Amino acid sequence: MYRYDEFDARLVRERAEQFRTQVMRRLNGELSEDEFKPLRLQNGLYLQLHSYMLRIAVPYGTLSAIQMRKLGSISRRFSKGYGHFTTRTNLQLHWVRLIDVPDILHELAEVEMHCMQTSGNNVRNVTADPFAGAAADEIEDPRILCEIIRQWSTLHPEFSFLPRKFKICVIASEHDRAALLSHDIAIQAIRNAGGEAGYRVCVGGGLGRTPYLALEVGSFVPKPHILAFIEAILRVYNEAGRRDNLWKARVKILVHQLGIDEIRRRVEVEFAELKQSGMLELPPAEIERIAEYFAPPAFDELSGDSPEFESAKRQSRPFAAWAKTNVHDHKTPGYALATISLKPIGLTPGDCSSEQMEGLADIMESFRFAEIRVTHEQNMVFPHVRQKDLFHLWQRLDALGLATANHGLVTDIIACPGLDYCDLANARSIPIAQEIARRFADPGLQADLGELKIKISGCINACGHHHLGHIGILGVDRKGVENYQILLGGSGAEDATLAEILGPGFDNEGIIGAVENVIETFRQKRAPGERFLDTYRRIGAAPFKERLYAH
Amino acid sequence: MLTDSGSKQRVFRKGHIGADDFLFVADDAPLADRPVIVTVTRFLAEKDRLLSRPAPLGVRLEPAESPELLRSDLPKLKLIELHVGYFKDGRAFSWARILRTRLRFTGEIRVTGHFLLDQIAFFLRVGVDSFTLPGNWSETEVEKATGLISNVYQPSADHRPTILDLRRRATVTATAAE
Amino acid sequence: MKVITANKLTFGEVVYWAQSRGWQDSLQQAQVLNDADAEDALKLAAGSVQRCEVVAPYAFPVRVEHGRIIPVSAREQIRARGPSVRPDVGKQAA
Chain U
57 MYRYDEFDAR
67 LVRERAEQFR
77 TQVMRRLNGE
87 LSEDEFKPLR
97 LQNGLYLQLH
107 SYMLRIAVPY
117 GTLSAIQMRK
127 LGSISRRFSK
137 GYGHFTTRTN
147 LQLHWVRLID
157 VPDILHELAE
167 VEMHCMQTSG
177 NNVRNVTADP
187 FAGAAADEIE
197 DPRILCEIIR
207 QWSTLHPEFS
217 FLPRKFKICV
227 IASEHDRAAL
237 LSHDIAIQAI
247 RNAGGEAGYR
257 VCVGGGLGRT
267 PYLALEVGSF
277 VPKPHILAFI
287 EAILRVYNEA
297 GRRDNLWKAR
307 VKILVHQLGI
317 DEIRRRVEVE
327 FAELKQSGML
337 ELPPAEIERI
347 AEYFAPPAFD
357 ELSGDSPEFE
367 SAKRQSRPFA
377 AWAKTNVHDH
387 KTPGYALATI
397 SLKPIGLTPG
407 DCSSEQMEGL
417 ADIMESFRFA
427 EIRVTHEQNM
437 VFPHVRQKDL
447 FHLWQRLDAL
457 GLATANHGLV
467 TDIIACPGLD
477 YCDLANARSI
487 PIAQEIARRF
497 ADPGLQADLG
507 ELKIKISGCI
517 NACGHHHLGH
527 IGILGVDRKG
537 VENYQILLGG
547 SGAEDATLAE
557 ILGPGFDNEG
567 IIGAVENVIE
577 TFRQKRAPGE
587 RFLDTYRRIG
597 AAPFKERLYA
607 H
Chain H
1404 MLTDSGSKQR
1414 VFRKGHIGAD
1424 DFLFVADDAP
1434 LADRPVIVTV
1444 TRFLAEKDRL
1454 LSRPAPLGVR
1464 LEPAESPELL
1474 RSDLPKLKLI
1484 ELHVGYFKDG
1494 RAFSWARILR
1504 TRLRFTGEIR
1514 VTGHFLLDQI
1524 AFFLRVGVDS
1534 FTLPGNWSET
1544 EVEKATGLIS
1554 NVYQPSADHR
1564 PTILDLRRRA
1574 TVTATAAE
Chain Z
-11 MKVITANKLT
-1 FGEVVYWAQS
9 RGWQDSLQQA
19 QVLNDADAED
29 ALKLAAGSVQ
39 RCEVVAPYAF
49 PVRVEHGRII
59 PVSAREQIRA
69 RGPSVRPDVG
79 KQAA
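Protein chains in written order, with my numbering: chain U, 57 to 607; chain H, 1404 to 1581; chain Z, -11 to 82.
Dropping the structure here:
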């Protein structure tokens, strides 16, 4: 993974020091809260329901053992012993003190981490495929471009006060494991007919009050010009994006207001100018320098089927169950990817305790894992595990409470922090997730239901990605009382669709029953081998509506 | 701190605060015999008269007004003033950059209105020369705020060496030393 | 009936306005006010903001039952106690 050079390191140290001076000016009254708020937001510091919340950037979801250990230490000493991994693969600490944040930023800088642009109207954390470097159909490691974009967008003088936040995602395979098309800019590495490497670029995706999937604005952007193309899009957006209405300020609104053809025309004009200037064409030497950091580790020469792995599965039922759901094929024979579930039944989805973080760092050191990945579904991944090590890995994860065998299943729920933590929320999401998980906890039942992605948001801002859920749940406020709407048929994979509202909402007990009824309807109507999403797409909403609302 | 430049015009330029050399004149007010700034509306309506005056002329752009409106007239203008209505409106950063890199404006670009001390560094990078400051910002404060981050990642209108340039120099030096 | 609340500037924790006793940690220590008095209290709270003690004060509706102050909205109930899903953290754990 990328390692800072002296320039990267100096920048994050200076940024931490800059924030220290800004905090001092706030505490001595030089800065009012109105003046301080944009400054703290640009360092990911929110004032939430109970306390300040700090959002730490995890660039393209990748962490080293040292970084994981530091996050465990910081969450223990400066928060209340846990953190929450978000759908943008960042880490939130919900209980920090303003006066401690400068020290936290300095400690993060020591391990090449920061909180820059995890909030504010700027370019946010660039996310990637969590299977980067391990997926068989990958054109290149998407994180190389992510790191290039991260540097280019950091403290960009022209794009730090955009109409609204701006989210970019990069994948490099046909399989979308990162909810690509829900981003403001969606980039997919491809090869053209001539075998040349380049990028397909889409613009205008976003969830929230008016959800949209991104539309193609560049069918093939040659590699050397990708930064110029991205800057061209940002220029068009900064100039023309709406600034009069918070809910209409994302680039998705501009795209649908002007139409994708007009957007493409404007982007081409800016792109031509930038290409001509050459100022954003990265020299091959620099691309190579960054790419080297993402070179895969030296893999052992192994055969495809590990006898240790097969034997362990025969001897341990729980291990076999976990292997079935949480272990995934790797491009290298004898290796696998392993999903670490942060969705134990009945606990908070995406939460990770300080002990667990430190335990993961221990595991990484024991097994010599250079990296761990955070996914947008609030789980984690070890990308390069030898099959013969899987059993011992599972035992270590199990001891930490991180071996729930539910990846992609009904209890693998995405939930935003919701009204339990968040100042913006209308309803609680976590207890809904917990109760659904409890009702469907039985492993046999989960296996029978198969892939079923439930995503829960506590408000219209959609941080829980409910628009992309096979079953989505949106919490609203109905005259001061929590109310929940069901949406069906969303997908954040390469078959991306936006879920549709089924009908009137339910209270916090009724929603659990409604979800049960939806799932029961699926079980009754499904054809052999169908996932929930397949059944819904085949039979439509009517049978579900009837079940829920007929009487 | 936020500024709303009132009548006490103090202009920060190249590290120093000095008096305002220009006077902003409203659309219906008479033109004084001195350097003035007028709105785009007035400029376009009275262009010939304004340009025939010997005194230097400036034009103020509101956030929604692109400098493209003045494209052909820029060589005759001494000053473009970018009025920021509210600090969150980041269009002025693009207008300044366009003035420098696309329209090749060589006159003075000034920022006035509501902006943060902490935005000045960004404005300088996109080609802004001067700022109208409120009474309570000092030269030291501004210098300090603009100097906190030593290096920059991305190229901009200021043509300042980027971290990429510094990396290349470091490699060249290392190679030369071998 | 209303109560005034804010967050402490330095630490961020939730506090409640108790008139002459200043800001208190517990909702049960808060001063319950009628609408007119709440307006006046917000003005006093603004002074506390100026002195860099708290941020973002506002009033919210409560009712009083058997001597206990109960917020009308779910949001303020949670804010007074802590996350409903972690009884071991927040004011409820104190």
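Quick reminder that beta carbons are idealized off the backbone N, C-alpha and C, glycines included.
Please read all numbers here as calculations on a predicted model, not as lab measurements.
query: Taking three-plus beta-carbon pairs below 8 angstroms as touching, is the region 386 to 397 of chain U in contact with the region 114 to 129 of chain U?
result: no
query: In terms of alpha-carbon separation, which member of U:Phe215, U:Ile346, U:Ile122 and U:Ala606 lies closest to Asp64 of chain U?
result: Minimum Cα distance to Asp64 of chain U is reached at U:Ile346.
- prompt: Would you say Tyr592 of chain U reaches chain Z, if we count a Cβ-Cβ gap shorter than 8 angstroms as a contact?
  reply: no
message: Residues of chain U with CB closer than 7 angstroms to the CB of Ser8 of chain Z, please, in chain order.
response: Those do not exist, as Ser8 of chain Z stays about 24 angstroms from chain U at its closest Cβ, beyond 7 angstroms.
- prompt: Roughly how many angstroms separate the alpha carbons of Ile1483 of chain H and Gly545 of chain U, rounded to a whole number?
  reply: Rounded to whole angstroms, Ile1483 of chain H to Gly545 of chain U spans 53 angstroms at the Cα level.
task: Check distances from the C-beta atoms of the region 210 to 236 of chain U to those of chain H and list, in chain order, the residues that come in under 9 angstroms.
output: Thr210, Leu211, His212, Pro213, Glu214, Phe215, Ser216, Phe217, Leu218 and Pro219
- prompt: Would a check of beta-carbon distances place Asp61 of chain U closer than 8 angstroms to chain H?
  reply: Among the residues facing chain H, Asp61 of chain U is included, as its CB has a counterpart in that chain under 8 angstroms away.
- request: Work out the CA separation of Ile568 of chain U and Ser1408 of chain H for me, nearest whole Å.
  value: Note that Ser1408 of chain H has pLDDT 44, beneath the 50 cutoff, so the model's placement of it is unreliable and no number is given.
task: To the nearest angstrom, report how far apart Thr287 of chain U and Ser1497 of chain H are at their CA atoms.
output: Before going on, a small fix: residue 287 of chain U reads as Glu here, not Thr. In a straight line, the C-alpha of Glu287 of chain U is about 12 angstroms away from that of Ser1497 of chain H.
query: Taking 8 angstroms as the CB-CB cut-off, is Leu1485 of chain H touching chain U?
result: Interface residue (Cβ-Cβ distance to chain U less than 8 angstroms): Leu1485 of chain H is not classified as such.
Test: Cys40 of chain Z CB closer than 8 angstroms to a CB of chain U: yes
query: What is the residue span of the alpha helix (DSSP H) that Glu572 of chain U lies within?
result: Gly566 to Lys581
message: With distance defined between alpha-carbon atoms, name the residue in H:Phe1508, H:Gly1516, H:Thr1549 and H:Arg1503 nearest to Phe1490 of chain H.
response: H:Gly1516
task: Could you tell me which chain U residues have their CB closer than 8 angstroms to the CB of Pro1558 of chain H, listed as they occur along the chain?
output: Met335 and Leu336
message: 8 angstroms is my cut-off, CB to CB: does Phe1425 of chain H come that close to chain U?
response: no
task: Just mark Ala455 of chain U as buried or exposed, buried being the case when its beta carbon has 16 or more other beta carbons within 10 Å.
output: exposed
Test: Ile155 of chain U CB closer than 8 angstroms to a CB of chain Z: Yes, its Cβ sits closer than 8 angstroms to a Cβ of chain Z.
- prompt: CB-CB under 6 angstroms to Lys279 of chain U, same chain, minus the five flanking residues each way: which ones, in chain order?
  reply: Ala253 and Gly254
task: Give the secondary structure of Gln434 of chain U by DSSP, where H, G and I count as helix, E and B as strand, and everything else as coil.
output: coil
field: Proximal chain U residues relative to Phe48 of chain Z, where beta-carbon distance stays under 9 angstroms
entry: Simply none; closest approach about 11 angstroms.
- prompt: In the region 449 to 483 of chain U, which residues sit with their C-beta less than 7 angstroms from some C-beta in chain Z, listed in chain order?
  reply: Leu475, Asp476 and Tyr477
message: Quick check: what's the CA-CA separation for Leu1405 of chain H versus Met172 of chain U?
response: Here Leu1405 of chain H scores only 43 on pLDDT, less than 50, and its place in the model is too uncertain to base an answer on.
message: Since Arg1416 of chain H and Ser1559 of chain H should fall inside the 8 angstroms C-beta cutoff, what is the C-beta to C-beta distance between them, to a whole number of angstroms?
response: Between Ser1559 of chain H and Arg1416 of chain H the Cβ distance is about 19 angstroms, and since that is not below 8 angstroms, they are no contact.
message: Quick check: Ile575 of chain U and Thr467 of chain U, are their CB atoms within less than 8 angstroms of each other?
response: Not in contact: Ile575 of chain U and Thr467 of chain U (Cβ atoms no closer than 8 angstroms).
Nearest-angstrom Cα separation, counted from Tyr605 of chain U out to Ala598 of chain U: 10 angstroms
query: In chain order, what residues of the same chain lie with their CB nearer than 8 angstroms to the CB of Ser61 of chain Z, ignoring the 5 residues before and after it?
result: Phe48 and Pro49
Against chain H: residues of the region 63 to 95 of chain U by CB proximity under 9 angstroms: Phe63, Asp64, Arg66, Leu67, Glu70, Arg71, Glu73, Gln74, Thr77, Gln78, Arg81, Glu86, Leu87, Ser88, Asp90, Glu91, Pro94 and Leu95
field: Rounded distance between the beta-carbons of Gly274 of chain U and Val644 of chain U, thought under 8 angstroms
entry: Residue 644 of chain U falls outside the range modelled here, since chain U spans only 57 to 607, and no answer is possible.
message: Given the structure, does Ala1573 of chain H come close to the ligand FMN, in the sense that its CB is under 7 angstroms from one of the ligand's heavy atoms?
response: What this structure holds is no ligand at all, so the ligand FMN is not there to describe.
message: Which residues in chain Z have a C-beta closer than 9 angstroms to the C-beta of His106 of chain U? List them in chain order.
response: Asn(-5), Gly0, Glu1, Val2, Ile66, Arg67, Gly70, Pro71, Val77, Gly78 and Lys79
message: Which runs of the alpha helix (DSSP H) at least 4 residues long sit entirely within the region 127 to 203 of chain U? Give them in chain order.
response: 157 to 166
query: For the region 203 to 237 of chain U, which segments carrying the alpha helix (DSSP H) assignment without a break, of at least 4 residues, lie completely within its bounds, in sequence order?
result: none
query: In terms of alpha-carbon separation, which member of H:Ile1552, H:Thr1578 and H:Arg1570 lies closest to Thr77 of chain U?
result: H:Ile1552
query: Looking only at C-alpha atoms, which of U:Leu218, U:Asp300 and U:Ala234 sits nearest to Ala188 of chain U?
result: U:Ala234
- prompt: Looking at the unbroken alpha helix (DSSP H) that takes in Asn539 of chain U, where does it start and where does it end?
  reply: Note, Asn539 of chain U: premise wrong, no alpha helix (DSSP H); beta strand (DSSP E) at Val537 to Leu544.
message: Helix, strand or coil for Leu1519 of chain H? Go by DSSP, reduced to three states.
response: Leu1519 of chain H falls in the coil class under three-state DSSP.
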